[in-house]
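The listed protein sequences correspond, in order, to chains S and L.
For the first sequence, the working numbering gives the first residue as 17, with consecutive numbering after it.
For the second sequence, the working numbering gives the first residue as 202, with consecutive numbering after it.
Data first, discussion second: the structure below is written as structure tokens.
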Amino acid sequence: MYFYLKNHFLSVLLCSICFFNFSCESEPLLGLNDLTENTLIQKFFLLDQSLSSTMQGESDVMLNSSRLYSGILEDGNEAIAFINIRSDIMGLHDICNAQTVEELDLVIKTITDITTDDLSIYNISKEFLEISLVADLNLIDEENDPQLENVEGVLILDEYLEFSKNEIIIDLFNHDASIMTDICSSKNAGIKISYSPTDQGVEQFIEFRSSDVEASSLKPLLQMKYVMNEQDTTYVDSYSIIDVAWIQSSTFPEGIIEVPYVIDDIDESQWGMVYAFDFQDIDQIVLPIVHNDLELNSNIINTQMNTPLNFMQIDLQIDPSISSELDSIQFYISNAVAFIGNQDLMGDNWSAVDTTGTENNGELDWIDGNFDGKWNSGEGEEWFDYGLDNCPDSLETGAGGCDVSISAYNPDGSEGNNSLDWLDDGDGIWEEGEGEKWEDIGIDGCEDAFETGDDENPCLEEADSNNLGSDPNGDNYLLDPNGDDWDGIDLGLTENNGQWDPNEPFFDWGLDGLPVSLTLLEEETEGNGQWDPGEPYEDTGTDGLFNVDEPNYNITGTENNNSFDGLGEFDDCGVDNDCNDLDISDNYVIDPNNDNWNAETFTGTEGDKEHNWNDDGDGLWEEGEGERFYDWGLDGISDSQEAFYVSQIQYPELGENLYEYGMENQLSFSVQPNNGITLWISEIIKNGDIISIKFGIQTNTPLKGLQFKLNHFPFEQISNLKEYESSISYHNDNNLFEDITFSDHEVHEGDDLVVNFSNELSIDLFFQDDDGNSLGNFLENKERNISHDFSHLVLHIDKDNSLIHDDGMILHLGHNKSSDEFSLLMNPFLVTAANDSIIIPIGNILRGFQNGNHGSFESIVIKTDDALYNYSKMIFFNDTENVNHVKNPIIRLMYWE
Amino acid sequence: MKIILFLFIFNICFPQATNFPLYGVGELIGNQDISSIGLGNGTFYSGNQFEISSSSPSSLWKTPFTRFSIHSGMNYLKVPTYPEQFQHDLTHFSVLFPIGGHKAFGFGLKPAYRTNTIEIDQSFEFLGVNDVTTSLPIAYQKSFFLKGGISDLFIQYSFKFNPKLSFGFQYSFLFGNQTVDERRRAYEVNIDSTQSNQMAIYEFWHDDDLYYLYEEHREDTYLKNSNKFSGSRMILEGKYIYDIHEFTFRTSIDGEMMINRKDMQNTSDTIYYNYYDYKVSDNISELALGYHYKKIKNLGFIMEARINHPIDLPEAVSLFNKLAPKERSFHFGFYKRINNPKFSLWNNVNLRTGFYLKELNSNGNDFVDLGFTLGFGLEYLSNSQSIDIALRSGKRESLIVNDKFENYLSLHIGVMTGEKWFMKRRRK
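Right, here's the structure in full:
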């Protein structure tokens, strides 16, 4: 002990530390509200009328708009669009040095739907649309020229205009071929688009995409096709394939075999591919060829082993366009594959010697690996669960027979399909011509007059006059039984109208809306027996009841709920709504022979997941013996298909495989066959423009067939003219176009606060408190922590004088930096014509000024952009005579002081 | 050793205030010598064999050993209607070396000002619709989480000038961080007398009906104010011994203190930082006088009077903008040493008791802190080692909670071990 204490005092210290080092969690202190005087305060900043104003920018703004306008604008002014093809840019393009120009189209994208989707109906008065070609137009110099609208050009005829839904293509070259001379010789080619409809039922103006739009696919384009005097090399196939056939000889074929097949469509990637098989039916071959789908007869070579055979010939026709120049063709063979023709390559045939074989054993060898009761690939012998009629539903005749095409089967029938076949026009109500009829009478199947109130027998045969005005079955859908919901029209409907109405329950807690129990300060208006602004109330309407409390409220009712509720509300008579018709064409039939498995009655053999086969004893499936199966063994492959198994294919020897043919009348080739399979071109014979290519083969094993591709090196054709096609909106990084909309430019005057793009009007808002202290001064105190969610800039829109397009306006809220450069303070936002006011949470923006991130606060600037209708005009309410007007712009702050 | 250092550094940073020190930088921690605490929460005297108090530089020269001292304390605080608070941790660590005849040099670390780690959840407050920008009333609630303070890393030098007069100096590096995390929640609320599936944020009775406040919208604001302190303090102390009378004089001078403040505001996940620098000029922070009467060798009486001026912090840096109070205190203590007449493992047992009266002046208002102390010490192994325990119980008028008393009870334990390092030894 002594030793320990004397020499290990550090250990003692450590123990002490550990001993005393407990946790020191204590419960939070509750209350202590007097610790700080920091509280949430409300403060208003009104518009400083002396400094706030509408600002108007430079008038060149329209040059930078992404939209062009032509027609009668919403404010009644007329707009004309001008698009100029700049000769200073086009003059540098190759087309100006072209040998010939074949096409020069101007493509203009429109925002306005010129036509319907199917181009059948024009949404504009096309006859009042005038597109003219104006020579030597210079928009930059003439943008402010009031005479611009009087500029005359040559009207482009309708035949040179092509309209689609959102595109106009102007065939400039065919309208006036001299345009090429102009734009290649420093003369701009201007397009003037004017539109003056008289019919109010069509689009009154057309909005185009200008060359300033950001998406390149939306910019105006010049589509050009021209030919340059340049050397051009093209490669042309020297021939076409006209026939393929076996070469008959004493040694080949050994019996009668069907003709081979060659892919002779030059556009196919496998053009020249030859399939040398004894097809059962060559007419049923479809591309691309799948080996497993091929039905073959016998081998093409059975006994002629190790003997050279000239077995096949392909006839080619030389391309007449190059026949005079063609002096040689080099052929070669590729993709050659031979398929072994021995019987039972997989060794799965049943025989008396080998009774373990499953192919041709007279039994279905099926292992239902996934236990789904159906044959799936890899589960042995394929069989078809079509029932004893061995006929799928789709081919059943209805009389127990089976057809080769659909006859009685009709899964699309609408009568008796237990489904409503109704095409609503969007109003939620069945109308004549909308298909199968249904009535909104509820799932009881009868309307109120026929209702009994008895759940077991809910409907009467005849109407009961005593039911008038009642709902005996209680199935009427009713959300507002007392009919007092506010609709914005009838002032007598007061439920949910957003204001207190007499008889509506309220809490008599005074103007602050809080009871004395919370605030500990009783207000004068608290408990005065009448509703005062600020007091919470229940917006029940004058009946004092919310809908859910009103008698007969029924949100789950199915009658008159404007919704189809299933059986009971329709008769399932099909789209002809006639259940007694003799027309069976609309009957829903999915099992004409009525042999489908029924899990309730345990009847039917189709789809019963069992193989139903009544063998006559020969072990072979035959017609009339029930469900068919293929006795191909567990590999599921017939002997003839086994040749296509990967392990059974061989690649023939091709020798040097390059056959130089110099257009001789006859040219023979010899190849030294190897011990396996060798394939070669044995002879080429020319007869006029026809070249016949004979193929030789030698094999050491019987062949089911083979396939290979006949190839050649295409003919190289050299021309001194080269054709070009291009669609451009830029050349050498320079915009090919300049464009403007010509319309009246208004000079803003007055005290209105107006935001508008076309006249570049924006507003500059300064704010001050009741004492005249600016908001900027207030923000200099960084200790004030401004609430974001509860601090708002509120702007009321003067809807009577504003002109806001249905698409709305996108507003940008920012401020002008010391360099007068506009800087965004928040993401641009959309304001629609339906908005009465704009309430913008502004706390974080003001905090940004407070902390110096945005510099010092002077004012807030609001402007709009060109992304939507350029002529929308938003005027904000501002009563300069009454600065305290409730609708004047105001910043309402909540902050922690 | 690394483990010890880690535990030591980790623990010393924690607080040990006796009350709710929600002002200034927290409570002035003062003396942490366990034996002196037992003597009426004094500073200068210890009542042990060598009469050394680690908190009195002028007494340190008496040590014949290299002394390691480590003190720990636990504090229990109870204020009526508030949850009990419990704090405990290491409070003092020092090393003292004798350097030649009647001289000593030491260093150590201890808290200087501390607020305990305190969490405060204030009650809901309400604003009516006529006082807010919203269409519904607003209920708001603030919570605070405080921690940190100023630590004192000191070096000490003590020497005996003549048989009657000795002096001690202490130079302290004052450093530390203090943070106040504040969470403000403002709710737009609906008041309803029916309970819904939505959880009510508040319930209240009004006219015999129970009402529920349901949140319609909420905005959270997080504030984090961090203050980084950096300063110094010089303590000058003299001791005069005349027969059985011993007088001690002391003054402390605070050097210039730099305060770097960082405020973080996070509203709706938008965060801003503000930085401020403050400088506090030097001033006299303490004046103290002590008297020790040794009636007989092992029995004595002590008396101390002290005035402490707080650091002259700007309001913006002070906790809740409240300045720390000026303190005046009187301490009285008695001790009795019981010596072991036998040669044994232990040498003597020290019994101590005392009381103190402290007056805190804040904004012209005086608050009284009255306390009673008991102490027990055991010295062993030729007085080279000791264990001291002190119990302090007091009652203090709360500066924070009006008309309430803060009742505190603290237990302090100290371990001192002496080693004959750095001493000349005679070789045989």
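For every residue, glycine included, the Cβ atom is placed at its ideal position computed from N, Cα and C.
Between F711 of chain S and D309 of chain S, what straight-line distance do the alpha-carbon atoms span, to the nearest angstrom?
Within the first sequence, numbered from 1, the residue matching residue 711 of chain S stands at position 695. Within the first sequence, numbered from 1, the residue matching residue 309 of chain S stands at position 293. Their backbone Cα atoms lie some 26 Å apart in a straight line.
Contacts of E43 of chain S in chain L (Cβ-Cβ under 7 Å)
In the first sequence, counting from the first residue as 1, residue 43 of chain S sits at position 27. Neighbours of E43 of chain S on chain L, chain order: P284.
Which runs of the beta strand (DSSP E), 3 residues or longer, sit entirely within the region 801–829 of chain S?
If we require 3 residues or more, the beta strand (DSSP E) runs fully inside the region 801–829 of chain S come out as 808–812.
Listed in chain order, which residues of the region 528–544 of chain S have Cβ atoms closer than 9 Å to some Cβ of chain L?
D528, G529, L530, P531, V532, S533, L534, T535, E539
Does the beta carbon of T304 of chain S come closer than 7 Å to any beta carbon on chain L?
For the purposes of this step, residue 304 of chain S is identified with residue 288 of the first sequence, where counting begins at 1. Here residue 304 of chain S turns out to be Pro, not Thr, going by the sequence shown. By this cut-off, P304 of chain S is not an interface position.
Check whether the Cβ atoms of S256 of chain L and S237 of chain L sit closer than 7 Å, and answer yes or no.
For the purposes of this step, residue 256 of chain L is taken as the residue at position 55 of the second sequence. For the purposes of this step, residue 237 of chain L is taken as the residue at position 36 of the second sequence. Cβ distance < 7 Å, so S256 of chain L and S237 of chain L count as in contact.
DSSP three-state assignment for P581 of chain S, whether helix, strand or coil:
In the first sequence, the residue the question calls residue 581 of chain S occupies position 565. For the sequence presented, residue 581 of chain S should be read as Asp rather than Pro. In the displayed model, D581 of chain S falls within coil according to three-state DSSP, outside both helix and strand.
Helix or strand or just coil, what does DSSP make of K235 of chain S?
Sequence index remark: in the first sequence, residue 235 of chain S carries index 219 (1-based). Correct three-state label for K235 of chain S: coil.
Quick check on the burial criterion: 16 or more other C-beta atoms within 10 angstroms. Buried or exposed for E672 of chain S?
For the purposes of this step, residue 672 of chain S is identified with residue 656 of the first sequence, where counting begins at 1. E672 of chain S should be labelled exposed.
Just the chain S side, please: which residues come within less than 7 Å of T335 of chain L by C-beta, in chain order?
As a position in the second sequence, residue 335 of chain L is number 134, starting the count at 1. Within 7 Å Cβ-Cβ: F806.
Of all the options S:K142, S:E165, S:S350, which has the alpha carbon lying nearest to the alpha carbon of L153 of chain S?
As a first step, residue 153 of chain S is located in the first sequence; it is residue number 137 there, counting from the start. Cα-wise, what sits closest to L153 of chain S is S:E165.
Chain S contact residues for W547 of chain L, given Cβ-Cβ distances below 8 Å:
Your numbering for residue 547 of chain L matches position 346 in the second sequence. Within chain S, no residue comes near W547 of chain L; the closest Cβ sits about 11 Å away, beyond 8 Å.
When the cut-off is 7 Å and only beta carbons count, does P338 of chain L lie next to chain S?
Position 137 of the second sequence, counting from 1, holds the residue named residue 338 of chain L. Judged by the 7 Å Cβ criterion, P338 of chain L is in contact with chain S.
Count the other CB atoms within 10 Å of the CB of D604 of chain L; is the residue buried (16 or more) or exposed (fewer)?
Within the second sequence, residue 604 of chain L is the residue found at index 403, counting from 1. With fewer than 16 other Cβ atoms within 10 Å, it is exposed.
Who are the neighbours of W912 of chain S on chain L, taking C-beta pairs under 8 Å?
Looking up residue 912 of chain S in the first sequence gives position 896. Under the 8 Å cutoff, chain L gives R385, T422.
Among the candidates S:S210, S:Y675, S:S103, whose CA atom is the shortest distance from the CA of V167 of chain S?
Within the first sequence, the letter at position 151 stands for residue 167 of chain S. Closest in C-alpha terms to V167 of chain S, from the list S:S210, S:Y675, S:S103, comes S:S210.
Distance cutoff 7 Å, beta carbons only. Does N801 of chain S sit that close to anything in chain L?
Position 785 of the first sequence, counted from the start, is the residue given in the question as residue 801 of chain S. Yes, its Cβ sits closer than 7 Å to a Cβ of chain L.
Indicate whether S233 of chain S and D755 of chain S have their beta-carbon atoms separated by less than 7 Å.
In the first sequence, counting from the first residue as 1, residue 233 of chain S sits at position 217. In the first sequence, counting from the first residue as 1, residue 755 of chain S sits at position 739. Result no, Cβ atoms of S233 of chain S and D755 of chain S do not sit closer than 7 Å.
Quick one: using the 10 Å Cβ neighbour count with 16 as the cut-off for buried, is G389 of chain S buried or exposed?
By one-based count along the first sequence, residue 389 of chain S stands at place 373. When all chains shown are included, G389 of chain S counts as exposed.
Please determine if the region 770–788 of chain S and the region 55–74 of chain S are in contact, where contact requires at least 3 C-beta pairs separated by less than 8 Å.
Because the criterion of three Cβ pairs below 8 Å is met, the region 770–788 of chain S and the region 55–74 of chain S touch.
Where L841 of chain S falls: helix, strand or coil (DSSP):
The sequence position of residue 841 of chain S within the first sequence is 825, counting from 1. In this structure, L841 of chain S counts as coil in the three-state DSSP scheme.
Heavy atom of the ligand ADP within 6 Å of E326 of chain L beta-carbon
Of ligands this structure carries none, so the ligand ADP is not represented either.
Please report the distance separating the alpha-carbon of I505 of chain S from that of N801 of chain S.
Along the first sequence, one-based indexing puts residue 505 of chain S at 489. Along the first sequence, one-based indexing puts residue 801 of chain S at 785. Distance between the alpha carbons of I505 of chain S and N801 of chain S: 44 Å.
Buried or exposed by the 16-neighbour rule on C-beta atoms within 10 Å, applied to V771 of chain S
To locate residue 771 of chain S, count along the first sequence from 1; it is residue 755. Buried, since its Cβ has 16 or more Cβ neighbours within 10 Å.
Hey, which unbroken runs of the beta strand (DSSP E) at 3 residues or more fall wholly within the region 143–212 of chain S?
Those beta strand (DSSP E) runs which fall completely within the region 143–212 of chain S and span 3+ residues are 145–151, 177–180, 183–187, 205–211.
Okay, do the region 241–251 of chain L and the region 570–588 of chain L touch, 3+ Cβ pairs below 8 Å being the bar?
yes
Run through the DSSP bridge pairs and tell me what S427 of chain L is partnered with.
For the purposes of this step, residue 427 of chain L is taken as residue 226 along the second sequence, with counting starting at 1. Under DSSP, the beta-bridge partners assigned to S427 of chain L are L:T380, L:K463.
Nearest to N49 of chain S (by Cα), restricted to the options L:F345, L:V330, L:K596, L:Y413
Numbered from 1 along the first sequence, position 33 holds the residue referred to as residue 49 of chain S. Of the listed residues, the one whose Cα sits closest to N49 of chain S is L:F345.
Pick from S:L149, S:Q546, S:K203, S:L155: whose alpha carbon is nearest that of L171 of chain S?
In the first sequence, residue 171 of chain S corresponds to position 155, counting from 1. Looking at the Cα atoms, S:L149 is the closest of the given residues.
Closest to Q357 of chain L by CA distance: which of L:F308, L:Y474, L:N331, L:A387 is it?
The sequence position of residue 357 of chain L within the second sequence is 156, counting from 1. Considering only alpha carbons, the answer is L:F308.
Return the residue from the list S:E146, S:S86, S:P408, S:C589 that minimises the CA-CA distance to T126 of chain S.
The residue you call residue 126 of chain S lines up with position 110 of the first sequence. Comparing Cα positions, the closest option is S:S86.
Which same chain residues, not among the five before or five after H109 of chain S, have their C-beta less than 7 Å away from its C-beta?
If you number the first sequence from 1, residue 109 of chain S lands on position 93. Answer for H109 of chain S: H747, listed in chain order.
CB-CB under 6 Å to Y372 of chain L, same chain, minus the five flanking residues each way: which ones, in chain order?
Taking the second sequence and counting its residues from 1, one reaches residue 372 of chain L at position 171. Leaving aside the five residues that flank Y372 of chain L on each side, the residues in its chain whose CB is nearer than 6 Å to its CB run, in chain order, I356, M435.
Cβ closer than 9 Å: which chain S residues qualify as neighbours of L223 of chain L?
Taking the first residue of the second sequence as 1, we reach residue 223 of chain L at position 22. Within 9 Å Cβ-Cβ: L48, L51.
Cβ of Q466 of chain L less than 7 Å from any chain S Cβ?
Looking up residue 466 of chain L in the second sequence gives position 265. Put simply, the CB of Q466 of chain L is near chain S, with a gap under 7 Å to one of its CB atoms.
Under the three-state DSSP convention, the category K596 of chain L falls into:
Indexing the second sequence from 1 puts residue 596 of chain L at position 395. Looking at K596 of chain L - three-state DSSP - the assignment turns out to be strand.
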